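Single-structure report; data block below.
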Amino acid sequence: MDDENSNGNPDVGADFFKPFFSILKVILYWPLYTSKSQLLQHVHMLLSAVKVTFTVVLYIFLECFTVYKRSNLQERLAGSFMMFTDVSYLTKVLFFIINRKKILLVFKAVSDDVFSPKDTLRKEMITTTMTNWKKVFYIYITNCCFTVTLWAIIPSLQNGSIVLPYNYHYPFDVTSSPAREFAYIYEAGILYLIVVSHVSLDALMVGIMAFISAQLDVLNYNLRGLNNLDEVNSYSKHQFLKEEQIRCMIFHKKVMRLVKMLNQILAVPLVTQSCFGAIILCLSLYKLSTLNPLSGEGLSFINYYFGMLIQLSVYFWYGNEIIWKSNELSRSAYQCKWVNTSKPFRRHLLFFMLSTREPLKIYGGRVLELSLQPLISILKFSYSCYTLLKSV
Numbered sequence: 012m013d014d015e016n017s018n019g020n021p022d023v024g025a026d027f028f029k030p031f032f033s034i035l036k037v038i039l040y041w042p043l044y045t046s047k048s049q050l051l052q053h054v055h056m057l058l059s060a061v062k063v064t065f066t067v068v069l070y071i072f073l074e075c076f077t078v079y080k081r082s083n084l085q086e087r088l089a090g091s092f093m094m095f096t097d098v099s100y101l102t103k104v105l106f107f108i109i110n111r112k113k114i115l116l117v118f119k120a121v122s123d124d125v126f127s128p129k130d131t132l133r134k135e136m137i138t139t140t141m142t143n144w145k146k147v148f149y150i151y152i153t154n155c156c157f158t159v160t161l162w163a164i165i166p167s168l169q170n171g172s173i174v175l176p177y178n179y180h181y182p183f184d185v186t187s188s189p190a191r192e193f194a195y196i197y198e199a200g201i202l203y204l205i206v207v208s209h210v211s212l213d214a215l216m217v218g219i220m221a222f223i224s225a226q227l228d229v230l231n232y233n234l235r236g237l238n239n240l241d242e243v244n245s246y247s248k249h250q251f252l253k254e255e256q257i258r259c260m261i262f263h264k265k266v267m268r269l270v271k272m273l274n275q276i277l278a279v280p281l282v283t284q285s286c287f288g289a290i291i292l293c294l295s296l297y298k299l300s301t302l303n304p305l306s307g308e309g310l311s312f313i314n315y316y317f318g319m320l321i322q323l324s325v326y327f328w329y330g331n332e333i334i335w336k337s338n339e340l341s342r343s344a345y346q347c348k349w350v351n352t353s354k355p356f357r358r359h360l361l362f363f364m365l366s367t368r369e370p371l372k373i374y375g376g377r378v379l380e381l382s383l384q385p386l387i388s389i390l391k392f393s394y395s396c397y398t399l400l401k402s403v
């Protein structure tokens with residue numbers, strides 16, 4: 012990568028990640044500049060800090076104060092789901108900003124020539140996986156924006172005048188103009204901002220996981236195709252096998268490096284999101300149980316619940332894909348036509364198979380494995396907590 016791309020403009024080869032990086036640039040979570048100037052970097056960090064303070068920290072403070080002022084436990088529980096959502100979001104934002112250099116290194120690694128598809132078939136493997144990832148997040152962001160729109164307009168439509176979406180406690184009177192309009196724009200605007208940026212942050216991290224999954228498809232295909240004489244041109248068979256085997260080993264090493272870097276970045280945010288996610292699903296289900304599901308408010312909370320379910324599930328789904336596909340590497344290596352190959356080739360193939368016995372895994376905080384079984388456990392725990400709350 013050139014110097015320009017090393018400062019805030021990661022070249023990811025394909026354009027898969029550009030829409031989400033563009034969103035993060037607009038909301039100041041990713042630098043707009045391409046210069047190495049320390050002054051510009053400090054200015055960007057200052058603007059990011061101011062923006063987070065007034066659009067996230069202040070918002071969470073208002074939510075906490077409003078929940079505290081509510082009269083009984085049921086009202087506090089029903090109203091605290093959004094507070095936990097925003098605390099989880101704040102944690103993710105802070106670690107994204109703190110780890111910006113590490114994230115840039117990840118996208119530099121993604122743009123490595125090793126991961127460039129060598130033919131149409133391999134390109135199709137990568138494109139299919141990445142397109143499916145994009146579709147999931149376009150559905151996710153559409154669902155979230157629709158939910159926020161319902162929250163913003165339903166109270167006003169039902170009342171016939173401007174009603175604040177959450178009616179937070181402000182240090183000034185919001186019952187008259189123009190304070191009421193200002194508070195309405197602030198609450199609705201911040202909701203949209205949080206939704207779009209939250210989805211974009213998730214999309215980038217899950218996108219890397221989807222990219223790793225796609226590259227594992229390619230690596231499995233390459234391993235099964237070792238000793239395929241149809242691919243030999245002017246090289247001797249021995250030289251061809253040696254070079255292809257080395258390429259596969261380098262490929263695997265690069266994928267392992269990507270997984271290691273991703274584990275370092277996602278350690279705390281994934282644990283936080285999983286813990287808060289269980290609480291949020293529980294509280295939103297509790298809130299939904301108090302509403303008519305056919306009403307506008309009920310519909311908005313159904314959308315919210317499914318949005319949070321998607322947010323939590325996509326990490327575990329793609330983590331499970333990485334485990335499953337990396338677990339196939341040793342089998343794919345064994346399926347190549349190794350019987351009539353040289354002893355050095357067979358020896359290196361055996362070493363590779365031994366090194367890939369343990370699948371690659373993404374962890375949250377080194378304790379939470381991203382696979383389907385922990386996801387099921389979290390959902391069961393969330394529903395158990397909901398049942399307990401309903402019995403109180």
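Take 12 as the starting number for the sequence shown in my numbering and just add one per residue.
Beta carbons: idealized from backbone N, C-alpha and C, even for Gly.
Quick caveat: nothing in here was measured; it's all calculated off a predicted structure.
May I have the straight-line CA-CA distance separating residue i from residue j, to the nearest angstrom?
i, j, result
"residue 157", "residue 388", "29 Å"
"residue 347", "residue 259", "12 Å"
"residue 356", "residue 313", "57 Å"
"residue 353", "residue 248", "10 Å"
"residue 397", "residue 233", "48 Å"
"residue 340", "residue 35", "36 Å"
"residue 77", "residue 69", "12 Å"
"residue 342", "residue 371", "15 Å"
"residue 374", "residue 122", "23 Å"
"residue 390", "residue 321", "12 Å"
"residue 271", "residue 366", "16 Å"
"residue 363", "residue 266", "14 Å"
"residue 237", "residue 217", "31 Å"
"residue 281", "residue 250", "45 Å"
"residue 108", "residue 134", "32 Å"
"residue 63", "residue 88", "26 Å"
"residue 235", "residue 226", "14 Å"
"residue 21", "residue 192", "The predicted model places residue 21 with a pLDDT of 42, which falls under 50 and marks its position as unreliable; any figure quoted below should be read in that light. The straight-line gap from Cα to Cα measures roughly 40 Å."
"residue 336", "residue 369", "11 Å"
"residue 186", "residue 136", "57 Å"
"residue 262", "residue 126", "8 Å"
"residue 138", "residue 81", "50 Å"
"residue 311", "residue 300", "13 Å"
"residue 303", "residue 309", "5 Å"
"residue 385", "residue 37", "35 Å"
"residue 31", "residue 147", "13 Å"
"residue 169", "residue 380", "45 Å"
"residue 58", "residue 183", "26 Å"
"residue 287", "residue 345", "43 Å"
"residue 203", "residue 56", "22 Å"
"residue 360", "residue 382", "28 Å"
"residue 129", "residue 255", "13 Å"
"residue 105", "residue 60", "9 Å"
"residue 297", "residue 33", "36 Å"
"residue 229", "residue 132", "9 Å"
"residue 211", "residue 325", "13 Å"
"residue 178", "residue 403", "27 Å"
"residue 42", "residue 213", "18 Å"
"residue 399", "residue 215", "36 Å"
"residue 205", "residue 306", "25 Å"
Assuming the contact rule is C-beta atoms closer than 8 Å, residue i and residue j should be a hit. Round their C-beta distance to whole Å, please.
i, j, result
"residue 95", "residue 291", "5 Å"
"residue 173", "residue 197", "With 8 Å as the limit, residue 173 and residue 197 do not qualify as a contact, their Cβ atoms being about 13 Å apart."
"residue 319", "residue 285", "About 12 Å; that fails the 8 Å criterion."
"residue 119", "residue 27", "Not quite, the Cβ-Cβ distance comes to about 15 Å (not below 8 Å), so this is no contact."
"residue 66", "residue 201", "5 Å"
"residue 208", "residue 40", "6 Å"
"residue 140", "residue 283", "Incorrect: roughly 27 Å between the Cβ atoms, too far for contact."
"residue 117", "residue 252", "Contact flag wrong, Cβ pair sits at about 32 Å."
"residue 393", "residue 289", "4 Å"
"residue 199", "residue 176", "6 Å"
Between which two residues does the alpha helix (DSSP H) containing residue i stretch?
i, result
"residue 354", "354-366"
"residue 376", "Per DSSP, residue 376 belongs to no alpha helix (DSSP H) and is neither H nor E."
"residue 318", "307-337"
"residue 261", "248-300"
"residue 143", "131-170"
"residue 213", "190-235"
"residue 30", "29-37"
"residue 406", "There is simply no residue 406 to check, as the chain begins at 12 and stops at 403 in what is shown."
"residue 74", "69-80"
"residue 348", "Segment: none, residue 348 is in no alpha helix (DSSP H) and carries neither H nor E."
"residue 96", "92-109"
"residue 59", "49-63"
According to DSSP, residue i sits in a beta bridge with which residue or residues?
i, result
"residue 380", "374"
Flag this pair as touching only if the stretch 328-335 and the stretch 214-232 have three or more C-beta atom pairs under 8 Å; answer yes or no. Output reads yes: the stretch 214-232 touches the stretch 328-335.
Segment contact, 8 Å Cβ cut-off, at least three pairs: the stretch 143-152 with the stretch 49-56: With the rule of 3 Cβ pairs closer than 8 Å, the stretch 143-152 does not count as touching the stretch 49-56.
Three or more C-beta pairs under 8 Å: does that hold for the stretch 111-122 against the stretch 268-283? A contact exists between the stretch 111-122 and the stretch 268-283.
Does the structure place the stretch 299-316 close enough to the stretch 159-166 that three or more beta carbon pairs sit under 8 Å? Yes: at least three Cβ pairs fall under 8 Å.
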